[in-house]
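The listed protein sequences correspond, in order, to chains E and Y. Sequential numbering of the first sequence, starting at 58, is according to the working numbering. Sequential numbering of the second sequence, starting at 51, is according to the working numbering. Don't be surprised by glycine CBs; every beta carbon is placed ideally from N, CA and C. Every value quoted in this text rests on a predicted model; they were computed, and no experiment measured them.
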Amino acid sequence: NAGVMQNPRHLVRRRGQEARLRCSPMKGHSHVYWYRQLPEEGLKFMVYLQKENIIDESGMPKERFSAEFPKEGPSILRIQQVVRGDSAAYFCASLTSGSRTEAFFGQGTRLTVV
Amino acid sequence: QKEVEQDPGPLSVPEGAIVSLNCTYSNSAFQYFMWYRQYSRKGPELLMYTYSSGNKEDGRFTAQVDKSSKYISLFIRDSQPSDSATYLCAMSGNDMRFGAGTRLTVKP
């Protein structure tokens, strides 16, 4: 049973470009969280998704950021017109609909904006 | 006020020491309380979880929850260099929130 898969592991973008981060949850998991981790800082909640539904996006910046979790395929975190401050590690975690305790994390995507 | 507060450290202790890590929270809706461990450049992994107030022990690790004070702790006995990592508290009710994480170094 494959774990949570995130790709790419490393992503370099120039300022103004778009970044697309993908997360394939564990088999059978229908809920996905996205978190951002800045260097030397903890995990900051961004968005909580169920398939075809955004449950909580209170942690998402109002502009340039969007997330989706389609019925088929991975969850996508999209950052438009990236700026240097977007450089961070982005982690996704998946869990089953009934779970309140164990979120399985991917290895993260490290975004560097140059 | 942040929903979950955790001292980021860093915390450095000698091998064999007892380590105490703590978090406070403000949201009374949180029902489950977890501790995750994150090694450098890896995703966090669940270490322990508790549901109610009280203590839960697993080997050298003890998780403690005081709902009345909105305070949770993780104790590590006989700490080892392999325990060196970032420890994040997490809490869930309708969704999950994490603390900032405390970076722990256990020196041989």
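Proximity of ILE126 of chain Y and CYS73 of chain Y at Cβ, strictly below 8 Å: As a first step, residue 126 of chain Y must be located in the second sequence, where it is residue number 76. As a first step, residue 73 of chain Y must be located in the second sequence, where it is residue number 23. No, Cβ-Cβ distance for ILE126 of chain Y and CYS73 of chain Y is not below 8 Å.
Beta carbon of GLY175 of chain E nearer than 8 Å to that of GLN63 of chain E: A question about residue 175 of chain E goes unanswered here, because the residues of chain E that appear run from 58 up to 171.
Quick check on PHE148 of chain Y - is its C-beta less than 8 Å from some C-beta in chain E? Translated into the one-based positions of the second sequence, residue 148 of chain Y becomes position 98. Yes, PHE148 of chain Y lies at the interface with chain E (some Cβ there is under 8 Å from its Cβ).
Using a C-beta to C-beta distance shorter than 9 Å, which residues of chain E count as neighbours of ASP57 of chain Y? Taking the first residue of the second sequence as 1, we reach residue 57 of chain Y at position 7. Result: empty, since nearest Cβ-Cβ is about 11 Å, beyond 9 Å.
Coil, strand or helix - ARG141 of chain E by DSSP: Taking the first sequence and counting its residues from 1, the one referred to as residue 141 of chain E is at position 84. Helix at ARG141 of chain E.
If we define contact as Cβ-Cβ less than 8 Å, is PHE163 of chain E a contact residue for chain Y? Looking up residue 163 of chain E in the first sequence gives position 106. Here residue 163 of chain E turns out to be Gly, not Phe, going by the sequence shown. Chain Y, which has a Cβ nearer than 8 Å to the Cβ of GLY163 of chain E, makes this yes.
Within 8 Å of any Cβ in chain E, is that where the Cβ of PRO94 of chain Y sits? Position 44 of the second sequence, counted from the first residue, corresponds to residue 94 of chain Y. Taking Cβ atoms only, chain E reaches closer than 8 Å to PRO94 of chain Y, which makes this a yes.
Bounding residues of the beta strand (DSSP E) (the contiguous stretch that carries ASP116 of chain Y): Position 66 of the second sequence, counted from the start, is the residue given in the question as residue 116 of chain Y. From DSSP, the beta strand (DSSP E) with ASP116 of chain Y extends over 111-116.
For chain Y, find out if any of its Cβ atoms is closer than 8 Å to the Cβ of TYR90 of chain E; answer yes or no. Taking the first sequence and counting its residues from 1, the one referred to as residue 90 of chain E is at position 33. At least one chain Y Cβ lies under 8 Å of TYR90 of chain E.
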